[in-house]
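One rule links them: number in this note's numbering = place in the sequence shown (from 1) + 182.
Even glycine gets a Cβ: it sits at the ideal position worked out from N, Cα and C.
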Amino acid sequence: MTGRAEARVPFGAHAVPYAPGTLRPSCDGGPAAADRRVLDHYELWKTYFLRSGDEAGGRGRCAVFTPDAAHPFVAEAQGYGLVITALMAGADPDAHALFDGILRHVLAHPSVNHPDLHAAQQDAEGRDVGGRDSATDGDLDIAFGLLLADRQWGGDHGGYDHGYDYEALAVRRIDAVMECEVHPTTRLTKLGDWSSGRYDEVSRTSDWMPDHFRAFRAATGDPRWGEVLDAHLSLTGALRTRHAPATGLLPDFVVDTTSGWPRPAPGQVLESPHDGDYHWNACRVPWRLGADAVTSGDVRTRAAARGLSRWARTATGGDPGRIRSGYRLDGTAYGDPGSPAFFTPFAVAALTEGVDHEEAGAAQGWLDALWARMCAAPPDPDRAYAAGVQLQSMLVVSHNYWVPWA
Numbered sequence: 183m184t185g186r187a188e189a190r191v192p193f194g195a196h197a198v199p200y201a202p203g204t205l206r207p208s209c210d211g212g213p214a215a216a217d218r219r220v221l222d223h224y225e226l227w228k229t230y231f232l233r234s235g236d237e238a239g240g241r242g243r244c245a246v247f248t249p250d251a252a253h254p255f256v257a258e259a260q261g262y263g264l265v266i267t268a269l270m271a272g273a274d275p276d277a278h279a280l281f282d283g284i285l286r287h288v289l290a291h292p293s294v295n296h297p298d299l300h301a302a303q304q305d306a307e308g309r310d311v312g313g314r315d316s317a318t319d320g321d322l323d324i325a326f327g328l329l330l331a332d333r334q335w336g337g338d339h340g341g342y343d344h345g346y347d348y349e350a351l352a353v354r355r356i357d358a359v360m361e362c363e364v365h366p367t368t369r370l371t372k373l374g375d376w377s378s379g380r381y382d383e384v385s386r387t388s389d390w391m392p393d394h395f396r397a398f399r400a401a402t403g404d405p406r407w408g409e410v411l412d413a414h415l416s417l418t419g420a421l422r423t424r425h426a427p428a429t430g431l432l433p434d435f436v437v438d439t440t441s442g443w444p445r446p447a448p449g450q451v452l453e454s455p456h457d458g459d460y461h462w463n464a465c466r467v468p469w470r471l472g473a474d475a476v477t478s479g480d481v482r483t484r485a486a487a488r489g490l491s492r493w494a495r496t497a498t499g500g501d502p503g504r505i506r507s508g509y510r511l512d513g514t515a516y517g518d519p520g521s522p523a524f525f526t527p528f529a530v531a532a533l534t535e536g537v538d539h540e541e542a543g544a545a546q547g548w549l550d551a552l553w554a555r556m557c558a559a560p561p562d563p564d565r566a567y568a569a570g571v572q573l574q575s576m577l578v579v580s581h582n583y584w585v586p587w588a
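This is how it looks when you write it as structure tokens:
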């Protein structure tokens, strides 16, 4: 390695503008103060959840540790780590090295079903466990992170040799996702490269990442990614209309996707009796839809994200402390309050309420309240999942998120 490439889109530069009319937190000190709060959370996230060297399976490797998951290292967390470190470049001088370390971990653990997908789980000794197959959400974020890295550090940097062709790795993984993790008929994401039989007709809403699908279409030129984007946004609209007209909430899992009449899971399909509710997977939906809305300006994701924000604002009386960790699709709460995994994604959705919306004043107050609660909630070292969702939501809300096709 001859040196470290400079970041092309450094954190804090706000170099990639959001869609016109997007709100931002109105905090003392302006955008620079918001950036400092994100950086503070990032430093804690690194301290609590990044492992390196022997703790990550070998010299030169890093991995995101998940004390709250079934195993210490899971694909979802590695995808989060790649996206986060790529976005933090320019503020963290170690971001590039950390990215490459996590990438080494990923490349050292290919899925048993396809060499360009990631085996979803490793134990404390770095051994693949749990079937050695993939999880779609991890592969989607890994591929997206590689595209961010290519934009951030790739190409000609005056002789710098980082050892990885990020673009080529991204395209290979994107093609593998299309081959193994996207249903060939419905164009909906499957649960992983293992999905077959009755699981072939199940899709997890937290895997519906419209901005990723746009990026994959731009990177590969494959028109099928446009079909994937449209299929997910069409189904998002249909589920909201048919099953959650008052709330806009989506369930964790959707079943019967090949029948022409997809519906929320009727009880436990994969994880729990709440598979058909707005539970610990779907809680990410406001973040995923909102991130696409503010970066693409798509009226479909903007309407969905704005509807979710408006419902949450009204249901809680504008108090983020009243957001619960679980809802029926009709808005009936059953979970405890307080988890950042549930309240921080609504801040991303709240960014969209300033776009052509007569209640922008109330929406600004709602966003500011959510931001204040986010800033007052440092990561819990025992809760990697919530911490990862929170930090990425804060990156979007502070206008530090961008997509590689912009």
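- Message: If you reduce the DSSP assignment to three classes, tell me which class Thr-371 lands in.
- Response: Numbered from 1 along the sequence shown, position 189 holds the residue referred to as residue 371. Strand, per DSSP.
- Query: Just reading off the beta strand (DSSP E) that Ser-234 is part of, what are its end residues?
  - Reply: Locating residue 234 in the sequence shown gives position 52, counting from the first residue. Residues 232–234.
- Message: So, with DSSP's three-state summary, where would you put Ser-388?
- Response: Against the sequence shown, residue 388 aligns to sequence position 206. Note: Ser-388 maps to helix in three-state DSSP.
- Task: Ignoring anything shorter than 4 residues or poking outside the segment 410–478, list the alpha helix (DSSP H) runs there in chain order.
- Result: 467–478
- Considering only C-alpha positions, which residue in the set Gly-508, Ala-400, Arg-424, Met-556 is nearest to Asp-434? Translated into positions along the sequence shown, residue 434 becomes position 252. Minimum Cα distance to Asp-434 is reached at Gly-508.
- Query: Short check: CB of Leu-533 to CB of Leu-269, under 8 Å?
  - Reply: Within the sequence shown, the letter at position 351 stands for residue 533. Within the sequence shown, the letter at position 87 stands for residue 269. Contact: no.
- Query: Can the beta-carbon of Leu-511 be found less than 8 Å from the beta-carbon of Leu-431?
  - Reply: Residue 511 sits at position 329 when you count from the first residue of the sequence shown. Residue 431 sits at position 249 when you count from the first residue of the sequence shown. Cβ atoms of Leu-511 and Leu-431: closer than 8 Å.
- For my contact list, Arg-445 and Val-436 are in at a C-beta cut-off of 8 Å; report their separation, rounded to the angstrom. Mapped onto the sequence shown, residue 445 falls at position 263. Mapped onto the sequence shown, residue 436 falls at position 254. Correct: roughly 7 Å between the Cβ atoms.
- Message: By the three-class DSSP mapping on this structure, what secondary structure does Arg-309 have?
- Response: Counted from its first residue, the sequence shown places residue 309 at position 127. Correct three-state label for Arg-309: coil.
- Under 8 Å Cβ to Cβ from Glu-541, same chain only, skipping five residues before and after it: list those, please. As a position in the sequence shown, residue 541 is number 359, starting the count at 1. Arg-492, Glu-535, listed in sequence order.
- Message: Counting C-beta neighbours from all protein chains within 10 Å, is the total for Pro-561 16 or more, i.e. buried, or is it exposed?
- Response: Start at 1 with the first residue of the sequence shown, and residue 561 comes out as number 379. Result: buried.
- Message: Does His-300 come out as helix, strand or coil in the three-state DSSP assignment?
- Response: The sequence position of residue 300 within the sequence shown is 118, counting from 1. In this structure, His-300 counts as strand in the three-state DSSP scheme.
- What's the gap between the Cα of Arg-354 and the Cα of Val-288? As a working mapping, residue 354 is identified with position 172 in the sequence shown. As a working mapping, residue 288 is identified with position 106 in the sequence shown. Roughly 14 Å between the two C-alpha positions.
- Query: Near Phe-524, which residues of its chain fall below 6 Å by C-beta distance, leaving aside the five closest residues on each side in sequence?
  - Reply: In the sequence shown, the residue the question calls residue 524 occupies position 342. Excluding sequence neighbours, Phe-524 sits near Cys-465, Ile-505, Ser-507.
- Query: If you drop the 5 nearest sequence neighbours on each side, which residues of the same chain put their C-beta closer than 6 Å to that of Trp-469?
  - Reply: Your numbering for residue 469 matches position 287 in the sequence shown. Contacts found: Pro-527, Val-530, Ser-575.
- Task: Using only alpha-carbon positions, find the residue among Gly-570, Ser-316, Ser-208, Thr-429 that is nearest to Ala-515.
- Result: Here the question's residue 515 lines up with position 333 in the sequence shown. With distances taken between Cα atoms, Ala-515 lies closest to Thr-429.
- Compare the C-alpha of Tyr-200 against each of Gln-303, Pro-448, Thr-477, Ser-454 and name the closest. In the sequence shown, the residue the question calls residue 200 occupies position 18. Measuring from the Cα of Tyr-200, the nearest candidate turns out to be Thr-477.
- Query: Quick one: is Gly-261 near chain B, going by C-beta distance under 8 Å?
  - Reply: Going by chain labels, chain B is absent from the structure shown, which holds only one protein chain.
- Task: Take Ser-388 as the anchor and find which of Ala-566, Leu-573, Thr-371, Gly-403 has the nearest alpha-carbon.
- Result: Start at 1 with the first residue of the sequence shown, and residue 388 comes out as number 206. Answer by Cα proximity: Thr-371.
- Item | Length of the line joining the Cα atoms of Ala-259 and Thr-248 | Taking the sequence shown and counting its residues from 1, one reaches residue 259 at position 77. Taking the sequence shown and counting its residues from 1, one reaches residue 248 at position 66. If I take the Cα positions, the gap works out to 7 Å.
- Query: In terms of alpha-carbon separation, which member of Gly-345, Met-556, Trp-587, Ala-569 lies closest to Cys-209?
  - Reply: Stepping through the sequence shown from its first residue, residue 209 is reached at position 27. The candidate whose alpha carbon is nearest that of Cys-209 is Met-556.
- Taking only the alpha-carbon atoms, compute the straight-line gap between Gly-185 and Asp-274 and give it to the nearest angstrom. Along the sequence shown, one-based indexing puts residue 185 at 3. Along the sequence shown, one-based indexing puts residue 274 at 92. Because the pLDDT at Gly-185 is just 46, under 50, the model does not fix this residue reliably, and the value given afterwards should be weighed accordingly. One C-alpha to the other measures close to 16 Å.
- Opposing strand residues paired with Ala-245 [DSSP bridges]: Sequence index remark: in the sequence shown, residue 245 carries index 63 (1-based). Looking at the DSSP assignment, Ala-245 forms a beta bridge with Arg-233.
- Taking just the CA atoms, how far does Phe-395 sit from Val-410? Within the sequence shown, numbered from 1, the residue matching residue 410 stands at position 228. Within the sequence shown, numbered from 1, the residue matching residue 395 stands at position 213. So the two alpha carbons sit approximately 7 Å from each other.
- Message: Just verifying my parser: in three-state terms, what is the DSSP assignment at Thr-514?
- Response: Mapped onto the sequence shown, residue 514 falls at position 332. Assignment of Thr-514 by DSSP, reduced to helix, strand and coil, places it in the coil class.
- Message: Tell me the rounded alpha-carbon separation between Gly-312 and Gly-242.
- Response: The count along the sequence shown starts at 1 and reaches residue 312 at position 130. The count along the sequence shown starts at 1 and reaches residue 242 at position 60. Their Cα atoms are separated by approximately 25 Å.
- Message: On the DSSP letters alone, give me the boundaries of the alpha helix (DSSP H) that Glu-363 sits inside.
- Response: The residue given as residue 363 occupies position 181 in the sequence shown. Premise fails: Glu-363 is in no alpha helix (DSSP H) and is neither H nor E.
- Considering only residues of the same chain and omitting the five flanking positions on each side of Asp-382, which have a CB-CB separation below 8 Å? For the purposes of this step, residue 382 is identified with residue 200 of the sequence shown, where counting begins at 1. So the qualifying residues of the chain are His-365, Lys-372, Thr-440.
- Neighbourhood of Ala-569 by C-beta, 6 Å cutoff - its chain only, sequence neighbours within 5 removed: Reading the sequence shown from its first residue, position 387 is the one you call residue 569. Counting only Cβ-Cβ distances below 6 Å, and skipping sequence neighbours, we find Trp-227, Pro-561.
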